[in-house]
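Numbering (full-length UniProt numbering), first residue to last: 1 to 112.
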């Protein structure tokens, strides 16, 4: 089976991004990890390709999956026949969100 070309637009520590990485490791799929936090050009590229600002986004052989969890990615990969379902455990939660600090959010102070 040919390995698909995978580009993953991810945050370094986000729970959703870690879930996508866990699925790609589970199936030993090589991929390019594009850090959308530390490389603004990758974030701009992701937004341009996906038409939206939410991550993770994963491109598999030119097909873009926007705002996807690791579990959704695994389901898609199986449905497309790219991988066969496996009960091999993953090393990170595949559907866990991030807390605000993972998004680089700055608290807003309102003064009334």
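Note that CB positions come from ideal geometry on N, CA and C, so glycine has one too.
Endpoints, the beta strand (DSSP E) within which residue 39 is located:
Note, residue 39: premise wrong, no beta strand (DSSP E); not H, not E.
Round the Cβ separation of residue 113 and residue 8 to the nearest angstrom and send it over; I've been treating them as touching at under 8 Å.
No statement about residue 113 is possible, as the shown extent of the chain runs from 1 to 112 and does not include it.
Measure the C-alpha to C-alpha separation of residue 73 and residue 20 and round it to an integer number of angstroms.
Using only the alpha carbons, I get a separation of about 7 Å.
Between the beta-carbon of residue 11 and the beta-carbon of residue 90, is there less than 8 Å?
No, the pair does not count as a contact, with Cβ atoms beyond the cut-off.
Can you give the Cα-Cα distance for residue 70 and residue 36, rounded to whole angstroms?
In this model, residue 70 and residue 36 are separated by some 17 Å (Cα to Cα).
In the DSSP output, which residue or residues are listed as bridge partners for residue 114?
Not covered by the structure: residue 114. The range shown for the chain is 1 to 112.
DSSP on residue 33, reduced to helix/strand/coil?
Of the three classes helix, strand and coil, the one that applies to residue 33 here is strand, per DSSP.
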